[in-house]
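In our numbering, the protein residues as written are 122 to 427. To start, the structure under review is shown below, and the notes come after it.
Written out as structure tokens, the structure is:
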């Protein structure tokens with residue numbers, strides 16, 4: 122009973138108003154619905170007048186992970202890709218307001234299936250404004266799962282006619298493709314459940330509903346990986362680090378190629394054996410960003426390992 126009271130106290134003080142949508146109706150000047158509520162864009166991203174080049178015809182859409190924003194996540198990669206000549210776009214998705222401070226929004230914590238719909242709307246806007254037929258997507262952590270949910274269930278890929286795919290390539294960094302134990306958080310939640318306490322609430326307090334959906338064995342992930350883990354005609358690059366303590370075990374990120382698709386599962390340490398890049402550092406470390414750039418541009422010449 123004491124433990125139950127502790128959990129109730131924690132939940133009462135929880136700073137997330139879970140399930141509150143932050144996407145508003147599109148203003149006339151908005152390039153995509155809800156864009157005005159998304160906050161600051163990273164440098165190099167969201168130039169809605171950008172015209173893709175013949176060398177880089179596919180705009181790159183960057184999808185952040187759980188509890189962070191596009192500005193937090195893509196401060197290095199967005200300007201680097203822009204300087205390479207890509208049209209770069211990024212969004213904030215899955216937002217919820219703080220209970221005690223409604224002006225503060227936390228991103229990447231709401232239901233993943235809803236976040237995938239937000240991504241679909243954003244990609245449609247990118248294609249409309251750039252005139253591009255296809256896009257490439259880079260997703261970190263939950264961002265990779267949201268992108269795959271979009272591919273399978275929200276129109277990002279067309280299995281019956283892959284030539285109509287909206288997504289050409291998907292690059293993921295530490296994605297929770299087969300679920301994660303969150304470095305032991307799942308075990309703690311299961312222990313609480315065995316004691317009569319709703320252990321999933323521990324995960325939800327920490328990572329929101331999207332965190333619960335990313336635990337190993339959840340219905341959302343079972344549906345996402347059922348049949349084929351990949352979509353025909355889409356090129357996949359799945360990047361992992363042996364030092365990942367969040368998307369655990371790290372190898373659970375790797376995908377098995379289904380019919381008509383290609384998957385390059387790659388450890389950062391395969392290329393840079395001494396790399397100590399962590400889960401969070403996957404989006405800022407040259408060792409991992411080199412792999413992203415190589416996946417997006419076959420002519421890219423990687424810099425030396427750090």
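In this text, a Cβ means the ideal position worked out from N, Cα and C, and glycines have one as well. Predicted model only: the values in this text are computed from it and were never measured.
1) If I measure Cβ to Cβ from residue 294 and keep anything under 6 Å in the same chain, skipping five residues before and after, which residues do I get?
2) Return yes when the Cβ of residue 210 is within less than 7 Å of the Cβ of residue 184, no when it is not.
3) From which residue to which residue does the alpha helix (DSSP H) around residue 243 run?
4) State buried or exposed for residue 414, treating a residue as buried only when at least 16 other CB atoms are found within 10 Å of its CB.
5) For a test of the three-state rule: what should DSSP assign to residue 411, helix, strand or coil?
6) For residue 164, which of 367, 366, 204 has the nearest alpha-carbon?
7) Taking residue 299 and residue 342 to be in contact with their CB atoms under 8 Å, please state how far apart those CB atoms are, rounded to whole angstroms.
8) What would DSSP say about residue 199, mapped onto helix, strand or coil?
9) Quick check on this structure: which residue in 381, 250, 355, 302 has the alpha carbon closest to the alpha carbon of residue 277?
10) Please state whether DSSP places residue 214 in a helix, a strand or coil.
11) To the nearest whole angstrom, what separates the beta carbons of residue 352 and residue 272, a pair I think is in contact under 8 Å?
12) Is residue 263 near residue 331, with beta carbons less than 7 Å apart?
13) Taking the alpha helix (DSSP H) that residue 194 belongs to, which residues open and close that run?
14) Are the stretch 218 to 234 and the stretch 183 to 203 touching, with three or more C-beta to C-beta distances below 8 Å?
15) I need the straight-line Cα distance from residue 244 to residue 372, nearest angstrom please.
16) Going along the chain, which residues of its own chain have a beta-carbon closer than 8 Å to the beta-carbon of residue 427, five neighbours each way excluded?
17) For the beta strand (DSSP E) containing residue 183, name the first residue and the last one.
Walking through what the data contain:
1) The residues are 261, 360, 403.
2) It is not a contact, given that the beta carbons lie outside the stated cut-off.
3) That run of the alpha helix (DSSP H) goes 233 to 251.
4) buried
5) helix
6) 204
7) 7 Å
8) helix
9) 355
10) Secondary structure of residue 214 (DSSP, three-state): coil.
11) 5 Å
12) yes
13) 191 to 194
14) yes
15) 29 Å
16) 393, 396, 406, 407, 408
17) Annotation: the continuous beta strand (DSSP E) that includes residue 183 extends over 181 to 184.
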